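Chains as they are written, first to last, in the working numbering: chain A, 59 to 475; chain B, 15 to 112.
Ideal Cβ positions, reconstructed from N, Cα and C, are used throughout, including at glycine.
Quick caveat: nothing in here was measured; it's all calculated off a predicted structure.
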Amino acid sequence: MKKYSVFAIAREAMRGHKGWEEQWSSPEPKKEYDVIIVGAGGHGLATAYYLATVHGITNVAVLEKGWLGGGNTGRNTTIIRSNYLYDESAGIYDHALKLWDGLSQELNYNVMYSARGVMMLAHNVHDIQVLKRHVHANRLNGIDNEWLSPEQAKEFCPPLNISRDARYPVVGAALQRRGGTARHDAVAWGYARGASARGVHIIQNCEVTGVKRAANGAVMGVDTTRGFIGAKKVGVVAAGHSSVIMNMAGVRMPLESYPLQALVSEPVKPVVPCVVMSNTVHAYISQSDKGELVIGAGTDQYVSYSQTGGLHILQHTLDAICEMFPIFTRMKMLRSWGGIVDVTPDRSPILAKTPVPGLYVNCGWGTGGFKATPGSGHVFAHTIAKDDPHPINAPFTIERFRTGRLIDEAAAAAVAH
Amino acid sequence: MLLIRCPYCEEERPELEFRNAGEAHIARSANMSGESDDDFEKFFFIRSNPKGIIYERWRHMHGCARFFNAVRDTVTDKFVMTYKAGEPKPAKLPGVAK
């Protein structure tokens with residue numbers, strides 16, 4: 059792997075950019091690997107990267123039915139934050155946030171992590187109570203979060219309408235300054251390049267069609283559209299399709315898959331300097347470095363794998379955006395799209411061993427998995443390498459739905475999924 | 015937006031009038047406190063989440079307000095049929111292979 063640097067750019071500029079090498083190789087699959095990761099999204103590629111760098115396991119294949127980063131990694135709204143209520147969530151999301159800081163240097167790949175601040179709006183007295191509870195809980199967990207008056211919120215994000223007679227008046231806001239955004243594609247590409255350079259095989263256009271188990275129940279490998287590939291350890295990181303893959307191994311999951319939509323506007327000059335979220339009216343917005351407003355909508359109400367959603371869901375979100383930012387009412391929206399998100403009953407992820415020996419699962423990130431990519435990959439690699447969870451992901455078991463030890467972020471409100 | 019046929023109103027109406035109410039044909043135990051943890055987990059949390067034909071409940075919230083069941087393909091989002099609550103799970107589906 060040739061290192062990227064300002065000198066490399068200068069050198070290539072001198073010789074017509076003919077010396078750039080491909081960022082990852084596309085090898086033929088081997089018959090057997092030590093570990094197979096199903097799904098080459100951010101989480102899967104990060105898992106492979108940390109298996110190689112932290113645990114020295116490089117005989118790894120990452121299987122992807124489409125192209126890498128083409129699922130929810132390329133469909134999310136790139137928001138990064140760790141202001142979750144419960145200790146377990148704070149642990150895993152802040153672990154990720156600490157890794158975001160410095161990830162570009164670690165990967166030698168500019169993931170464009172920008173700690174521009176994530177501001178969550180309160181519109182009524184209940185929002186104030188819930189958000190202040192979050193502020194206090196976060197600070198007890200060593201996570202920065204601070205309370206802003208409407209005037210301070212306006213100062214932090216000038217286009218915001220804080221007029222008292224607004225339809226959704228802003229009565230305060232919680233601000234996590236370390237939160238922000240990153241370039242989602244670059245995250246997948248950076249991890250893929252780093253993993254590939256250390257010997258990991260990234261095999262695209264290779265769909266898993268079955269999970270093979272030995273007589274004693276343990277995993278032997280997977281059937282794919284490119285034939286059987288053996289491995290004693292298989293990690294399923296397939297987002298909306300996780301329950302489909304787990305069913306192939308005979309494991310029924312506490313998951314349901316829903317369409318989640320997002321959209322971007324025409325590009326304009328810098329106008330939104332931070333991320334603004336309102337959970338009460340369900341709208342969130344930021345501006346990409348290209349200048350597009352990036353807007354996230356909600357999920358549809360029914361199980362679907364269609365990768366599209368209802369137009370009324372987008373309209374609902376745009377209604378709220380236009381109320382909070384009257385300046386945007388005449389903006390044109392350029393593109394909208396849907397992704398399929400796997401949602402657990404308590405809205406917290408599952409990163410765990412499964413009842414099947416050698417089978418591991420990293421799923422259930424629901425509507426908010428992008429922010430966790432580095433942390434998720436880091437602790438999931440530990441879980442696979444040691445056959446034992448890292449202390450950070452130890453609470454995120456499948457068994458919690460039997461024992462009742464839920465991590466109930468869904469009931470904690472003020473969590474934009 | 016989906017168009018959904020309410021089997022009580024016998025009309026196809028826009029999705030906005032309806033609320034999805036989750037997977038259908040999951041029987042609630044008559045003796046809930048006697049359920050084992052395993053059985054309660056299966057009843058309460060585990061879902062089939064199929065990629066393909068799903069049996070699901072809907073409620074015609076802003077119409078007759080009644081619950082009914084539907085069969086839908088989760089890949090195309092097209093409804094195969096809807097039927098009244100309490101009717102058995104259809105053995106044969108019109109226009110579906112297998």
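Beta-carbon proximity check, residue i vs residue j, cutoff 7 angstroms
i, j, result
"ILE379 (chain A)", "ALA341 (chain A)", "yes"
"ALA246 (chain A)", "LEU126 (chain A)", "yes"
"MET382 (chain A)", "SER323 (chain A)", "no"
"LEU179 (chain A)", "SER336 (chain A)", "yes"
"SER140 (chain A)", "ILE201 (chain A)", "yes"
"THR136 (chain A)", "ALA439 (chain A)", "no"
"VAL258 (chain A)", "VAL419 (chain A)", "no"
"ALA211 (chain A)", "ALA231 (chain A)", "yes"
"GLY298 (chain A)", "SER315 (chain A)", "yes"
"THR239 (chain A)", "SER162 (chain A)", "no"
"TYR107 (chain A)", "ALA255 (chain A)", "no"
N-terminal and C-terminal residue of the alpha helix (DSSP H) that residue i is part of
i, result
"GLU164 (chain A)", "161-165"
"HIS56 (chain A)", "Residue 56 (chain A) falls outside the range modelled here, since chain A spans only 59 to 475, and no answer is possible."
"CYS380 (chain A)", "369-382"
"SER147 (chain A)", "145-158"
"ILE303 (chain A)", "300-306"
"PRO208 (chain A)", "208-214"
Cβ neighbour criterion (16 or more within 10 Å) applied to residue i
i, result
"ASP400 (chain A)", "buried"
"GLY114 (chain A)", "exposed"
"GLN234 (chain A)", "buried"
"TRP78 (chain A)", "exposed"
"VAL39 (chain A)", "No information on residue 39 (chain A) is available, as it lies outside the stretch 59 to 475 that chain A covers here."
"GLY422 (chain A)", "buried"
"HIS475 (chain A)", "With a pLDDT of only 47 at HIS475 (chain A), under 50, the local geometry of the prediction cannot be trusted, and the value read off the model is given with reservation. Its Cβ being crowded by 16 or more others within 10 Å, HIS475 (chain A) is buried."
"ASP152 (chain A)", "buried"
"VAL473 (chain A)", "Bear in mind that a pLDDT of 46 at VAL473 (chain A), under 50, signals an unreliable position, so the number given afterwards is only what the model happens to contain. Burial call: buried."
"ASP145 (chain A)", "exposed"
"MET177 (chain A)", "buried"
"MET46 (chain B)", "exposed"
First and last residue of the uninterrupted beta strand (DSSP E) at residue i
i, result
"PHE82 (chain B)", "81-87"
"ILE343 (chain A)", "341-345"
"ASP482 (chain A)", "Here chain A comprises residues numbered 59 to 475, so residue 482 (chain A) is not present and cannot be evaluated."
"LYS270 (chain A)", "266-271"
"ALA180 (chain A)", "176-180"
Alpha-carbon to alpha-carbon, residue j and residue i
i, j, result
"ALA468 (chain A)", "VAL188 (chain A)", "13 angstroms"
"ARG73 (chain A)", "ASN130 (chain A)", "37 angstroms"
"ASN117 (chain A)", "GLY427 (chain A)", "26 angstroms"
"ALA142 (chain A)", "HIS192 (chain A)", "A quick correction: the sequence has Tyr, not Ala, at residue 142 (chain A). Distance between the alpha carbons of TYR142 (chain A) and HIS192 (chain A) is about 7 angstroms."
"LEU17 (chain B)", "SER346 (chain A)", "35 angstroms"
"GLU350 (chain A)", "PRO325 (chain A)", "4 angstroms"
"ASP223 (chain A)", "GLU204 (chain A)", "25 angstroms"
"VAL266 (chain A)", "ALA148 (chain A)", "33 angstroms"
"GLU31 (chain B)", "GLY109 (chain B)", "26 angstroms"
"THR412 (chain A)", "VAL292 (chain A)", "11 angstroms"
"GLY279 (chain A)", "ASP243 (chain A)", "29 angstroms"
"ALA99 (chain B)", "ARG310 (chain A)", "26 angstroms"
"ILE261 (chain A)", "TYR249 (chain A)", "14 angstroms"
"VAL361 (chain A)", "VAL85 (chain B)", "12 angstroms"
"GLU25 (chain B)", "GLN359 (chain A)", "21 angstroms"
"SER221 (chain A)", "PRO227 (chain A)", "7 angstroms"
"GLY128 (chain A)", "HIS101 (chain A)", "12 angstroms"
"ALA79 (chain B)", "GLU164 (chain A)", "56 angstroms"
"ASP53 (chain B)", "GLY416 (chain A)", "25 angstroms"
"PRO217 (chain A)", "THR387 (chain A)", "12 angstroms"
Closer than 7 angstroms to chain C by CB, residue i
i, result
"ASP51 (chain B)", "Structure shown: chain C not included; protein chains present are A and B."
Evaluate the contact criterion for the stretch 82-97 of chain A versus the stretch 111-121 of chain A: three or more CB pairs, one atom per stretch, below 8 angstroms. yes
Check whether the stretch 452-471 of chain A touches the stretch 316-335 of chain A, counting contact only when three or more Cβ pairs, one atom from each stretch, lie closer than 8 angstroms. no
Counting pairs of beta carbons, one from the stretch 24-42 of chain B and one from the stretch 67-82 of chain B, are three or more of them closer than 8 angstroms? yes
Count Cβ pairs between the stretch 421-436 of chain A and the stretch 69-86 of chain A that sit closer than 8 angstroms; are there 3 or more? no
Pairing CB atoms from the stretch 355-370 of chain A with CB atoms from the stretch 403-418 of chain A, are three or more of them under 8 angstroms? no
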